[in-house]
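Using this note's numbering, read the sequence shown as starting at 16 and increasing by one per residue.
From the three backbone atoms N, C-alpha and C, an ideal C-beta is built for every residue, glycine too.
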Amino acid sequence: MDGVIIKAVGGFYFVRAGDRVFRCSIRGKIRLQKSQAMVGDMVSVILMGDDDGVVEKILPRRNELVRPLIANVDQAVVIFATKQPDPSALLLDRFLVQVRAAEITPVICFNKFDLAENEEPELIAHYDRTGYPVIRVSAKTGQGIESLRNCLKDRINVLAGPSGVGKSSLLNTLQPGLELQTGDISLKLRRGKHTTRHVELIPLEHGGLVADTPGFSNVDLPALKREVLPGYYPEFNSYAGQCRFNGCLHYREPECAVKEAVRKGHVSMLRYQNYLNLLEEVIESERRY
């Protein structure tokens, strides 16, 4: 019997197969493998009773994320707060690069939109121009919830983002009755208190699965080559072929069409500055290894 791991707690893996969930242990030979089982893995299970089983095999993965640790994701909804805590564009770009590098489709979601006070933050406009879907929502007022629900339908989704942006609150609003624990903002640190302690795939009433994941305040870039990074900025694509040099990094090269597009305001200066920061980080990482 095949199923998907939806939760791992206390050494047991909870596998969903059809409408049932089985508590499973892992066959010893799998424990010795370099790649360990994780939430989202498709697995083959042998039943050992009505509700228990043993995972015999981990089936090949389509993709995986390291942070949060989850496999076989169709879509990552990267959630930041409109305010409280204030969004970090550089951290958001780190999330987007990580997701794209794992070959997962990203969606950007700005929660707590009720705090915008009739004046949309300028940062959001920068992301409207990226080519990525951008959803504005409020778990408090219900604004945008139906759009988010439709976005999640019939997909395996992960909600990722910093602590305190309201990921669990959004899920509680999307599907009343979940009663996931939510947290306040630390007034001293101006960031969220961790409330989600582990990754769990939750079935949605309207179709699809969604993982609420622990929040965090930083994201390490995956191992990348410098020439790959420009491809993770989709707004560069329509200009890249116009650069003087093939393989232009849009960095220090002359006659760069992307830099000219930034100068003319066709490409966001904020996003371009973030790109340069990440590119220099990738180059420094290459030098170290």
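Please report the straight-line C-alpha distance between Arg229 and Leu216, rounded to a whole angstrom.
Reading off the sequence, residue 229 comes out as Pro, not Arg. Going by the C-alpha atoms only, they are around 13 Å apart.
Have a look at Val273, Asp235, Asp169 and flag the residue whose alpha-carbon is nearest the alpha-carbon of Leu107.
Asp235
Using the Cβ count rule (16 or more neighbours within 10 Å means buried), how would you classify Arg278?
Counting Cβ neighbours within 10 Å, Arg278 comes out exposed, since fewer than 16 surround it.
Within the continuous alpha helix (DSSP H) that includes Tyr254, where are the two ends?
The continuous alpha helix (DSSP H) containing Tyr254 extends over residues 252-255.
Keeping to the same chain, check which residues put their C-beta closer than 6 Å to that of Ala226; ignore five residues upstream and five downstream.
In its chain, beyond the 5 residues on either side, Ile85, Val173, Val214, Leu216 have a beta carbon closer than 6 Å to the beta carbon of Ala226.
Could you give the DSSP three-state label for Tyr28: helix, strand or coil?
strand
From what residue to what residue does the beta strand (DSSP E) around Ile171 run?
171-175
Applying the criterion that 16 or more other CB atoms from any shown protein chain within 10 Å of the CB defines a buried residue, is Leu111 buried or exposed?
buried
Looking at Asn126 and Ala91, is the spacing between their C-beta atoms short of 7 Å?
no
Can you grab the Cα-Cα spacing for the pair Phe27 / Ala52, in whole Å?
11 Å
Check whether the region 60-74 touches the region 34-43, counting contact only when three or more Cβ pairs, one atom from each stretch, lie closer than 8 Å.
yes
With the cut-off set at 7 Å, would you say Tyr142 and Val152 are in Cβ contact?
no
With Phe37 as the anchor, note down where its beta strand (DSSP E) starts and where it stops.
35-41
Assuming Gly146 and Glu250 make a contact with CB atoms under 8 Å, what is their CB distance in whole Å?
6 Å
Within a Cβ cutoff of 6 Å, which residues of the same chain sit near Leu163, ignoring the five residues on either side of it in sequence?
Ile150, Val152
Proximity of Ala175 and Val93 at Cβ, strictly below 7 Å
yes
Quick one: any contact between the region 164-171 and the region 130-144, if contact means 3 or more CB pairs under 8 Å?
The region 164-171 is not in contact with the region 130-144.
For Thr156, the three-state DSSP class (helix, strand or coil)
coil
When you compare the CB positions of Val54 and Val30, do they come within less than 7 Å of one another, or not?
no
Per DSSP, which residues does Thr228 bridge with? Please list them.
Per DSSP, none; premise fails for Thr228.
Distance between Pro75 and Ser50 (C-alpha atoms, nearest Å)
When the Cα atoms are used, Ser50 and Pro75 turn out to be separated by approximately 11 Å.
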